[in-house]
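Worksheet: one structure, shown below.
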Amino acid sequence: MGARYGTVKYGSTTYGASPPSDLAWGLDIDWDNDGKWSGDNDAWKLSALSIERGRKFWVKASGNGFETQEIGRLDGLWENNDGRYDPYNTLSPLYPNIEPGRLFRLRVRTPAGNIYHVMTGMISDIRPDSSRAKRARVTGEDGIRFLRQNVSIAVQEGYRTDEAITDMLASIGWPATWGSDLDIGVDVRPYWWVDGRSAYSEIFDLVNSELGQFYLAADGKATFRNRNAAESSAAALDGTNFRAGIEVARPWEIVRNAVRVWVRPRVLVSAVEIWRYQEFPALAAGATLEIWADFTYNNNSVPAKTVTTPAATTDYTANSQSDGLGTDLTADISITMTTFGKSAKLEIKNNGAGTAYLTLMKLRGDVIDSPNATYQEKSSGTSINQTFTLDLPWIQSTTVAVAFVDFLLLYLSGRAFVRVKLVNQPDVQFGMDLNSLVDVSVADLGIAGTYRIAWIKHRWLNRTGYLVETEWLLEPHLSLSGSYWTFPTEIGVSSTYGV
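Residue numbers (the numbering used here): 2 to 500.
Okay, structure coming up:
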């Protein structure tokens, strides 16, 4: 097999030794699930490998919003003559820990001696081949899969995007070894909450609501950059870098000649009924009934800033008869309430000696409503009749929406989106990550400007991993800097918007 960070163990060849002449790969897997890398290098068994991360499209095909980062994927093929990756092989040094869910990190050392993270995530499948080839296929996924867990967080006031992301990462148990790198959000939202929604969807809604960037870095960090982040290009590249291939998207795949941005201002409505139970259940002596209450106001689902603690007689009553004409047993009832953004869990207990019928159960509180949604819209030209619509719950300011419409209309007016391939340039191929900026100049294709790397794919071209083909999808850079939005000169705009 080809070189891997030393021989089998990291310690066999130190990083400080003279630079090797080929790429050297390192695949750490936390087989025993103790939160530490063991030092074993499972790259030495690989004979094929491909890695894919990022997003392939900027705008959804429907035109309704932005695409988001897809689940990153690692696909590899291990030589398994010794049964090392057979979960039933009791003689394997990995037994009995060969199972999905183990953390991994993949790194590469270039001939210049530089070490780069390539992907970090969790093993999702290990499948030994039953053929004579004696191989095992390994699949890994990055933390985007982990973000698909649902979260519920009660209403918060005056919250920024980074604060909300921090809360959600904590709620789902984001691994400490992955960590985070979060800019301070630009927009402060009067109210924010999440109720039974995936952290993935909520994070991207928040980030896109302020035209920021969210991605998982190659080292696993959950990374947020606000729209005013000061960024600089990591490299200047031209056609000689892309001799393996370059392709420019057709204008009609990108252009939108109209932009509509919805605004949903929030208002606080105080002291209203937000839920009422429509049944009259019987509670046996000592029994507890669990009920989930979804808050509504004017027949619309709403979050509650505060929920009034249920008061006996006012909010709940109990009786020895279901019609309420028997003995009043309200004093026998106790209620424990746990509130979430748009719902509450009620645990109703009958502390009495006999059966009690719950004849009234309701909740009151202060809710956050959005009764008067509106939108800002602009169009330019009629050659391609396509509209881009941004409808997110966290755009709550008309001033912001006006600026968004103007900027997005210009940005969607036919700028080049580029797909390139690179080979034999390891420090360029692996030195760039998702969201890295590169200056690109290819005169014969009319390409000149700063681009953001939106998608990365690495594929071994030989069994040793010495030769790797890298593909990038490049999006035009949204140039937002300082306290103003400055439009790039390439699209002929010199105006600025203060924010």
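We put the beta carbon where it would ideally sit given N, CA and C, even for glycine.
Exercise for the section: Could you tell me the distance, in whole angstroms, from the CA atom of Lys-135 to the CA atom of His-459? Expected result: 25 Å
Exercise for the section: Could you check if Asn-229 is buried or exposed, using at least 16 other CB atoms within 10 Å of its CB as the buried criterion? Expected result: buried
Exercise for the section: Closer than 6 Å by C-beta to Thr-318: which residues in its own chain qualify, once you throw out the five before and the five after it? Chain order, please. Expected result: Thr-331, Thr-360 and Leu-361
Problem - Contact under 7 Å by Cβ, Ala-218 with Thr-224 - result: yes
Handout entry: Between the CA atoms of Tyr-216 and Thr-471 - distance to the nearest angstrom
Key = 19 Å
Problem - Stretch-stretch touch, CB-based, cutoff 8 Å, three pairs: the segment 137–154 with the segment 68–86 - result: yes
Practice task
Taking the CB atoms as reference points, tell me whether Thr-340 and Ala-155 lie closer together than 7 Å.
Solution key: yes
Problem - Whole-Å CB distance - Gly-102 paired with Met-120, under 8 Å assumed - result: Going by Cβ atoms, the distance from Gly-102 to Met-120 rounds to 16 Å, so no, they are not a contact pair.
Handout entry: Per-residue DSSP class, three states only, for Val-429
Key = helix
Practice task
Work out the CA separation of Ser-172 and Ser-199 for me, nearest whole Å.
Solution key: 11 Å
Practice task
Please report how far the alpha carbon of Ala-137 lies from the alpha carbon of Arg-85, in whole angstroms.
Solution key: 9 Å
Handout entry: Complete runs of the beta strand (DSSP E) confined to the segment 288–329 [at least 3 residues]
Key = 289–295, 305–308 and 317–320
Handout entry: Identity of the residues DSSP links to Gly-27 by a beta bridge
Key = Arg-108
Exercise for the section: Would you kindly check if the distance between the Cβ of Val-421 and the Cβ of Phe-243 is under 7 Å? Expected result: yes
Problem - For Asn-34, the nearest candidate out of Asp-83, Val-270 and Ile-99 (CA to CA) - result: Ile-99
Problem - Three-state secondary structure assigned by DSSP to Leu-446 - result: helix
Practice task
Go through its chain and collect everything with a Cβ distance to Ser-210's Cβ below 6 Å, but skip five positions before and after it.
Solution key: Leu-393, Trp-395 and Ile-396
Problem - Identified DSSP bridge partners for Gly-366 - result: Val-273 and Val-308
Handout entry: Reduced DSSP secondary structure (H/G/I, E/B, other) of Asn-463
Key = coil
Practice task
Return the chain-ordered list of same chain residues with a C-beta closer than 7 Å to the C-beta of Ser-153, the five sequence neighbours on each side being excluded.
Solution key: Val-195, Asp-196, Gly-197, Phe-341 and Gly-342
Practice task
Output the boundary residues of the alpha helix (DSSP H) element that contains Ser-172.
Solution key: 162–173
Problem - Exposure label - Gly-499; buried when at least 16 CB within 10 Å - result: Caution applies to Gly-499, whose pLDDT of 36 falls short of 50 and renders its modelled position unreliable; the value that the coordinates give is listed next. So Gly-499 counts as exposed.
Practice task
Using three-state DSSP, classify Leu-183 as helix, strand or coil.
Solution key: strand
Practice task
Give me the Cα-Cα distance between Asn-151 and Ala-444, rounded to the nearest whole angstrom.
Solution key: 48 Å
Problem - Secondary structure of Lys-343, DSSP reduced to three states - result: coil
Practice task
Using only alpha-carbon positions, find the residue among Trp-193, Arg-146 and Val-189 that is nearest to Asp-506.
Solution key: Since the first and last residues shown for the chain are 2 and 500, residue 506 lies out of range.
Exercise for the section: Less than 8 Å between the CB atoms is what I'm expecting for Ile-204 and Leu-183, so what's the real figure, rounded? Expected result: With 8 Å as the limit, Ile-204 and Leu-183 do not qualify as a contact, their Cβ atoms being about 10 Å apart.
Practice task
If I'm right that Ala-455 touches Leu-474 with Cβ under 8 Å, what's the distance once you round it to whole angstroms?
Solution key: 5 Å
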